[in-house]
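Numbering (my numbering), first residue to last: 145 to 231.
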């Protein structure tokens with residue numbers, strides 16, 4: 145009987161962890177799309193006016209660099225937080 149209850153708790157915990165993971169991923173995608181628009185507008189409004197007409201590749205490169213820096217920074221900070229919480 146105790147083993148059955150223990151298995152139920154493990155299953156419940158696994159389901160909850162999976163739900164947390166899926167919802168976090170979903171909200172992360174929504175946040176990424178929002179930041180995508182913000183960064184695109186920033187590049188279009190503030191960067192493109194300093195570049196020559198027809199320099200779409202350069203503005204896309206600047207955009208890609210900004211997104212990469214943001215992704216690396218957030219991932220690094222989350223890794224540090226995870227390490228801190230595990231100790």
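C-beta atoms are modelled at their ideal positions from N, C-alpha and C, and glycine is treated no differently.
The structure displayed is predicted, hence computed values, not measured ones.
Whether residue i touches residue j by CB criterion (9 Å)
| i | j | result |
| --- | --- | --- |
| residue 179 | residue 201 | no |
| residue 182 | residue 203 | no |
| residue 184 | residue 207 | yes |
Limits of the unbroken alpha helix (DSSP H) element including residue i
| i | result |
| --- | --- |
| residue 191 | Counting along the chain, residue 191 falls outside any alpha helix (DSSP H), and DSSP gives it neither H nor E. |
| residue 198 | Counting along the chain, residue 198 falls outside any alpha helix (DSSP H), and DSSP gives it neither H nor E. |
Proximity test, Cβ basis, 9 Å: residue i and chain C
| i | result |
| --- | --- |
| residue 165 | Note that chain C does not occur in the displayed structure, where there is just one protein chain. |
Under the three-state DSSP convention, the category residue i falls into
| i | result |
| --- | --- |
| residue 224 | helix |
| residue 231 | coil |
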